[in-house]
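Data first, discussion second: the structure below is written as structure tokens.
There are 2 protein chains.
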Amino acid sequence: MPKAERYHHGDLHDTLLQEANALLNEQGVEGLSLRKLAERAGVSRTAPYHHFRDKNALLCALATQAFAELDSIIERQLESAGDHPDIQNFVIEYLEFATENPEQYELMFGRTIWKSGTPTEELKRVAYRSFRRYAEGLGALVQGRLPAATDPLRVAQASWATIHGLCRLVIDGVYVDREDMQAVSQQAVALIMAALK
Amino acid sequence: MPKAERYHHGDLHDTLLQEANALLNEQGVEGLSLRKLAERAGVSRTAPYHHFRDKNALLCALATQAFAELDSIIERQLESAGDHPDIQNFVIEYLEFATENPEQYELMFGRTIWKSGTPTEELKRVAYRSFRRYAEGLGALVQGRLPAATDPLRVAQASWATIHGLCRLVIDGVYVDREDMQAVSQQAVALIMAALK
DNA sequence: GGCGTTATGTTGACGGTGTCAAGATAACAA
DNA sequence: TTGTTATCTTGACACCGTCAACATAACGCC
């Protein structure tokens with residue numbers, strides 16, 4: 000029996016995630032509707048509800064996937080770095096990830112899930128795991144090179160905020176153009192490095 | 000004749016802006032619908048369309064108002080600063096503005112207008128004017144205290160990205176709590192200042 | 001004052017959205 | 001074979017932004 004005519008799809012869960020990602024890239028979060036998604040998957044409007052509790056859950060699943068990718072980037076950096084972590088290189092990779100997957104990035108950190116929606120427990124877990132790893136890596140780098148009484152956690156938060164803010168400005172198209180991104184990031188890194196002993 | 004029964008509202012334009020701001024604060028951008036807004040203003044569904052071309056135009060008007068406020072903060076800082084500009088103080092005021100008006104801040108810099116919508120020409124003007132002033136003020140501060148071949152514009156972009164990123168993380172509730180905000184901002188400022196000669 | 005033009009406000013309608021309820025179908029376990 | 005359960009369906013509801021057509025009032029000109 001041909002797949003298209005079966006009453007049960009067979010692999011709808013994964014198909015939905017795939018098509019949702021495609022739709023996301025084509026039309027952005029605003030263009031991602033469950034109904035369009037269902038149609039693309041060749042299934043009725045409410046079928047997705049048997050695989051995701053609601054739209055928020057679907058979006059969280061997408062964001063969780065994206066965090067896994069970001070996590071692998073961080074991990075790779077930590078490994079290859081050894082005792083010579085290259086911050087500039089990490090920032091470049093981070094910016095690349097964000098600007099090449101702007102819709103996923105929006106989902107990962109954006110209001111859609113964190114403010115207007117409700118992040119899944121799983122999403123919270125992976126999101127904070129990414130940050131923790133980053134903080135640890137950065138902590139190792141700045142170890143003993145900071146002024147006394149400086150909390151490494153604060154440095155991690157501040158530097159992440161810098162990179163994140165840059166991503167947001169570039170992605171949303173405010174104040175910083177895509178061409179300027181590299182230069183600005185170099186400046187940001189230079190500022191941080193200049194502050195180290 | 001009592002105001003409530005008049006066919007013509009008389010001051011709908013301003014009333015809409017006011018009520019929209021109220022609705023924004025109560026329910027966020029997602030909760031701001033033209034229909035609810037019209038009802039609050041005591042007017043029919045489509046009446047607002049005679050004062051704003053569409054929802055995007057209304058949102059842009061709100062964002063423009065908010066930029067005017069931010070602008071006055073920046074201006075006040077520039078004036079009172081003289082030759083001793085207090086960056087830390089500016090950052091504190093900026094963060095206050097952003098966290099006390101999170102929905103307006105979202106509108107000012109968020110995807111709703113800049114990515115999924117279309118910023119008005121007027122909005123673009125005021126938005127870039129704010130940044131330009133900030134960049135000039137910061138430029139005066141760091142004048143001659145930067146390593147050679149450092150573009151002040153890049154420093155302005157990088158530092159704005161830092162503050163902005165911090166705001167976003169705090170507002171959306173990711174990685175940085177409201178209580179940590181002050182400490183993180185101090186750390187960020189310290190990093191920048193440490194890099195100056 | 002009368003009268004046309006324009007600004008402003010109205011109802012009706014259309015296509016889109018998320019999601020619930022009730023029923024159909026198939027897979028699976030006993 | 002016979003329940004039980006997972007999956008998928010249609011129907012419905014309440015929202016949403018916005019267009020078209022029409023009603024009302026204000027304003028300027030004779």
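These protein sequences, in sequence, are chains A and B. The opening position of the first sequence corresponds to residue 0 in numbering that gives the first Met the number 0, with each subsequent residue numbered one higher. The opening position of the second sequence corresponds to residue 0 in numbering that gives the first Met the number 0, with each subsequent residue numbered one higher. Glycine included, every Cβ here is placed at the ideal spot set by N, Cα and C.
Any beta carbon from chain A within less than 8 Å of residue i's own beta carbon?
i, result
"L165 of chain B", "yes"
"G138 of chain B", "no"
"L122 of chain B", "no"
"A160 of chain B", "yes"
"F89 of chain B", "no"
"Q186 of chain B", "yes"
"K2 of chain B", "Interpretation of K2 of chain B is limited by its pLDDT of 40, a score under 50 that renders its predicted location unreliable; no figure is taken from the coordinates."
For residue i and residue j, what's the separation of their Cα atoms in angstroms?
i, j, result
"T209 of chain B", "G143 of chain A", "Since the first and last residues shown for chain B are 0 and 196, residue 209 of chain B lies out of range."
"Q64 of chain A", "H50 of chain B", "43 Å"
"W159 of chain A", "V169 of chain A", "15 Å"
"E29 of chain A", "I72 of chain B", "33 Å"
"Q185 of chain A", "A157 of chain B", "9 Å"
"L16 of chain A", "A126 of chain A", "19 Å"
"S32 of chain B", "D85 of chain A", "47 Å"
"P1 of chain A", "G9 of chain A", "With a pLDDT of only 38 at P1 of chain A, under the threshold of 50, the placement of this residue in the model should not be trusted; the figure read from the coordinates follows. Approximately 12 Å, taken between the alpha carbons."
"R131 of chain A", "R124 of chain A", "10 Å"
"A3 of chain B", "A40 of chain B", "Any reading at A3 of chain B is ruled out, since the residue's pLDDT is 42, under 50, leaving its predicted position unreliable."
"I112 of chain A", "E38 of chain A", "24 Å"
"F66 of chain A", "G116 of chain B", "27 Å"
"R128 of chain A", "G136 of chain A", "12 Å"
"I162 of chain B", "Y104 of chain B", "13 Å"
"Y93 of chain A", "D179 of chain B", "24 Å"
"Q181 of chain B", "L69 of chain B", "19 Å"
"R5 of chain B", "R52 of chain B", "24 Å"
"H7 of chain B", "R34 of chain B", "18 Å"
"R167 of chain A", "A60 of chain B", "22 Å"
"R177 of chain A", "G138 of chain A", "29 Å"
"M107 of chain A", "V173 of chain B", "10 Å"
"A21 of chain B", "Y48 of chain B", "19 Å"
"L145 of chain B", "E25 of chain A", "43 Å"
"R110 of chain B", "A80 of chain B", "33 Å"
"S43 of chain B", "K54 of chain A", "31 Å"
For a contact meaning CB atoms closer than 7 Å, what does residue i contact in chain B?
i, result
"I191 of chain A", "L190"
"Y174 of chain A", "F130, Q156, W159"
Spell out whether any CB of chain B is found under 8 Å from the CB atom of residue i.
i, result
"V125 of chain A", "no"
"Q156 of chain A", "yes"
"R44 of chain A", "no"
"S115 of chain A", "yes"
"A194 of chain A", "yes"
"E105 of chain A", "yes"
Can residue i be considered in contact with the ligand NAD, in the sense that its beta carbon sits closer than 7 Å to one or more heavy atoms?
i, result
"D176 of chain B", "Ligands in the displayed structure: none, and consequently the ligand NAD is not present."
Anything in chain A within Cβ reach of residue i, meaning under 9 Å, just list it in chain order.
i, result
"D179 of chain B", "L152, R153, Q156"
"L168 of chain B", "F108, Q156, W159, A160, H163, G164"
Since residue i and residue j are thought to touch, with beta carbons under 8 Å apart, how far apart are those beta carbons, to the nearest angstrom?
i, j, result
"V90 of chain B", "V175 of chain B", "Contact doesn't hold; Cβ gap of about 14 Å is too wide."
"L190 of chain B", "L23 of chain A", "Incorrect: roughly 35 Å between the Cβ atoms, too far for contact."
"L122 of chain B", "A62 of chain B", "6 Å"
"Y133 of chain A", "A97 of chain A", "Contact doesn't hold; Cβ gap of about 14 Å is too wide."
"V183 of chain A", "L165 of chain A", "6 Å"
"K114 of chain B", "D171 of chain A", "5 Å"
"A194 of chain A", "A194 of chain B", "5 Å"
"E102 of chain B", "G27 of chain B", "6 Å"
"A19 of chain B", "L36 of chain B", "6 Å"
"L77 of chain B", "A46 of chain B", "That pair is no contact at about 41 Å."
Name the chain B residues that come within less than 8 Å of residue i, Cβ to Cβ?
i, result
"G143 of chain A", "Within 8 Å Cβ-Cβ: nothing; G143 of chain A doesn't reach chain B, min ~16 Å."
Anything in chain A within Cβ reach of residue i, meaning under 8 Å, just list it in chain order.
i, result
"E29 of chain B", "S115"
Which residues in chain A have a C-beta closer than 7 Å to the C-beta of residue i? List them in chain order.
i, result
"F108 of chain B", "D171, V173"
"A182 of chain B", "R153"
"L33 of chain B", "The premise fails here: L33 of chain B is roughly 16 Å from chain A at the closest Cβ pair, so nothing lies under 7 Å."
Which chain B residues sit within Cβ distance under 9 Å of residue i?
i, result
"E92 of chain A", "Those within 9 Å of E92 of chain A in chain B number zero; the least Cβ separation is about 17 Å."
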